[in-house]
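Reviewing the structure listed below.
Residue numbers (our numbering): 1371 to 1476.
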């Protein structure tokens, strides 16, 4: 599979954009922070397995990075958006706007 197609498939996977949007708005987050994210289409929360899979895929693609985050009591594993992830979000929103424009012409 080509690299561009792999990126597109990952972005379209359930939960990917939700995670990126959360990190863009909130900054570093722990796994538990993503447990409240809901699928915009169904309104249901994502399963822990889905969240884990998306975090791994996004990190593998360089859109997010994991590392130690200091909380009030201890250091824990956290995730943050990379510059690459931020650019991906911008492109995804531009793509969404263009699709809405095309669909509205029908």
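We treat Cβ as the ideally placed atom computed from N, Cα and C, and that holds for glycine.
Predicted model, so just to flag it, every value in this text is computed and none were measured.
- Shown here, residue 1376 sits in a helix according to DSSP, grouped into three states.
- Using a C-beta cut-off of 8 Å, the segment 1397-1411 makes contact with the segment 1431-1448, since at least three inter-stretch Cβ pairs fall below that distance.
- One thing to note: residue 1415 has its Cβ within 9 Å of the Cβ of residue 1406.
- Linking residue 1472 to residue 1430 through their CA atoms gives a straight-line distance of about 32 Å.
- A distance below 9 Å separates the beta carbons of residue 1390 and residue 1459.
- When the beta-carbon positions are compared, residue 1380 and residue 1428 come within less than 9 Å of each other.
- In the DSSP assignment, residue 1436 is bridged to 1449.
- Under the three-state reduction of DSSP, residue 1399 is assigned to strand.
- Counting C-beta atoms within 10 angstroms of its own C-beta, residue 1420 has 16 or more neighbours from the protein chains shown and is therefore classed as buried.
- Membership of residue 1425 in the alpha helix (DSSP H) is indicated by the continuous run 1418-1431.
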